[in-house]
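Read through the structure below, which is laid out as structure tokens, and then see the notes.
Chains as they are written, first to last, in this note's numbering: chain E, 549 to 655; chain L, 6 to 269.
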């Protein structure tokens, strides 16, 4: 296999979708409706990524109290609502996760 | 006059540096979360028969976590090069949405400065930069500096830990079970929650969650792209057709209660 052909090909097909909208922005008429619609992009994509990361444990759907990732995520929603802070949410969430995953089973 | 100009230049470069550092710091939890994946990628790629330089080269020149995993898996299965490239294209298509979201902000940024922005576009840098746009409505230059800080930190971390994975991957067993990647989940939650200001945004998030769970096992991350597009469509349509009565309900309620308080 030609590895460098593979890498250059991958580089091109990865770069093009990432760059195209940035390159052609001046050819678009950005209406207020379009600009408002952009606000759904981070909500949709990040929610989807989070869901796939917390509802499955090793490839199997797990909606139960034994799913520490799910419990941590639900708690993080409340921390984020209260603190409105990235750092608080990540720090408290990590502490809770470590407690659930590592400390609790040893008690 | 000249002194003033000098001062301006200085304060500009100080501001640039500050934004650069902020971008890097805000990405910190996501950088930590990426470490185990970089290590596994490095070890897996070598194991699947990629050469030393190709393994590192993929991290340096392609810089796309999910795509690199899919590609090395396909290399291990001896798939033809063209098939691998086509698959990588599909896996990464989601990133187009990220660049679209930046469009209004970078409209007047010089074109050559948009090229590194495109190359370094990842879930991680997108999420923090998108939050930066929402919270501070930065100019294109400010976003540019912030994004560079975030992206370069992500990039160096990814390349470095790919290398460490190549050297030590075999000796670091169960690096996924450390659960470091939960930091990414937490950061994304912290970024999404403040965005749920209207009912249409809440519906968008719920649709994304349900759809992503259902489409989890679709190949090549198509489920992620499908769920995102579906959720965006739902949010946009709700806003368009119920916009004033439904979406504004939260704010109008507040106004209503204010009015009733005043009248009483």
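Note that beta-carbon positions come from the ideal geometry of N, C-alpha and C, so glycine has one too.
What does a CB cutoff of less than 7 Å around residue 239(L) pick up in its chain, not counting 5 residues either side in sequence? Numbered from 1 along the second chain, position 234 holds the residue referred to as residue 239(L). Same-chain partners within the cutoff: 208, 209 and 212.
Quick one, which residues of the region 218-242 of chain L are near chain E if we go by CB-CB under 7 Å, in chain order? 218, 221, 229, 232, 233, 236, 237, 240 and 241
If you measure from the beta carbon of residue 31(L) to each beta carbon in chain E, is any gap under 8 Å? Here residue 31(L) is taken as the residue at index 26 of the second chain, counted from 1. Taking a beta-carbon distance threshold of 8 Å, residue 31(L) counts as an interface residue toward chain E.
How far does the alpha helix (DSSP H) with residue 163(L) in it reach, from first residue to last? Here residue 163(L) is taken as the residue at index 158 of the second chain, counted from 1. 145-173 is the extent of the alpha helix (DSSP H) around residue 163(L).
Exposure label - residue 519(E); buried when at least 16 CB within 10 Å: Since the first and last residues shown for chain E are 549 and 655, residue 519(E) lies out of range.
What are the residues that DSSP puts in a beta bridge with residue 69(L)? Stepping through the second chain from its first residue, residue 69(L) is reached at position 64. DSSP, once it has assigned bridges, lists no residue as partnering residue 69(L).
Endpoints, the alpha helix (DSSP H) within which residue 34(L) is located: Reading the second chain from its first residue, position 29 is the one you call residue 34(L). 33-52 is the extent of the alpha helix (DSSP H) around residue 34(L).
Go through its chain and collect everything with a Cβ distance to residue 649(E)'s Cβ below 6 Å, but skip five positions before and after it. Reading the first chain from its first residue, position 101 is the one you call residue 649(E). Shown here for residue 649(E): same chain residues with a beta carbon closer than 6 Å to its own, the five before and five after excluded, namely 616 in chain order.
Does residue 570(E) come out as helix, strand or coil in the three-state DSSP assignment? Stepping through the first chain from its first residue, residue 570(E) is reached at position 22. In the structure shown, residue 570(E) sits in a helix (DSSP, three-state: H, G or I).
By Cβ distance below 6 Å, which residues in the same chain neighbour residue 35(L) in space, the five residues on each side in sequence not counted? Position 30 of the second chain, counted from the start, is the residue given in the question as residue 35(L). Hits under 6 Å: 129, 189 and 192.
Spatial distance of residue 171(L) from residue 553(E) (CA atoms): The residue given as residue 171(L) occupies position 166 in the second chain. The residue given as residue 553(E) occupies position 5 in the first chain. Going by the C-alpha atoms only, they are around 21 Å apart.
Terminal residues of the continuous alpha helix (DSSP H) containing residue 106(L)? Working through the second chain from its first residue, we reach residue 106(L) at position 101. Where residue 106(L) is concerned, the enclosing alpha helix (DSSP H) stretches over 100-107.
Exposed or buried, residue 25(L), counting other C-beta atoms within 10 Å across all chains shown (16 or more means buried)? The sequence position of residue 25(L) within the second chain is 20, counting from 1. Residue 25(L) should be labelled buried.
Cβ of residue 167(L) within 8 Å of Cβ of residue 43(L)? Taking the first residue of the second chain as position 1, residue 167(L) is located at position 162. Taking the first residue of the second chain as position 1, residue 43(L) is located at position 38. Yes, the Cβ-Cβ distance between residue 167(L) and residue 43(L) is below 8 Å.
Could you please tell me which residues of the region 614-628 of chain E, in chain order, have their CB closer than 7 Å to any CB of chain L? Those would be 617, 620, 621, 624, 625 and 628, in chain order.
With C-beta atoms as the reference, is residue 89(L) less than 8 Å away from residue 76(L)? Counting from 1 along the second chain, the entry for residue 89(L) is found at position 84. Counting from 1 along the second chain, the entry for residue 76(L) is found at position 71. Yes, the pair counts as a contact, with Cβ atoms nearer than the cut-off.
Using the Cα positions of residue 53(L) and residue 85(L), report the straight-line distance between them to the nearest angstrom. Counted from its first residue, the second chain places residue 53(L) at position 48. Counted from its first residue, the second chain places residue 85(L) at position 80. Spanning the two alpha carbons is a distance of roughly 14 Å.
Which residue marks the beginning of the alpha helix (DSSP H) containing residue 601(E), and which one marks its end? Counting from one through the first chain, the residue named residue 601(E) turns up at place 53. First-last of the alpha helix (DSSP H) with residue 601(E): 588-602.
Along chain E, in chain order, which residues have C-beta atoms closer than 9 Å to that of residue 122(L)? The residue given as residue 122(L) occupies position 117 in the second chain. Per Cβ cutoff of 9 Å: 566, 567 and 570.
Any beta-carbon of chain E closer than 8 Å to the one on residue 24(L)? What you label residue 24(L) is simply residue 19 of the second chain in a count that begins at 1. Residue 24(L) does not count as touching chain E.
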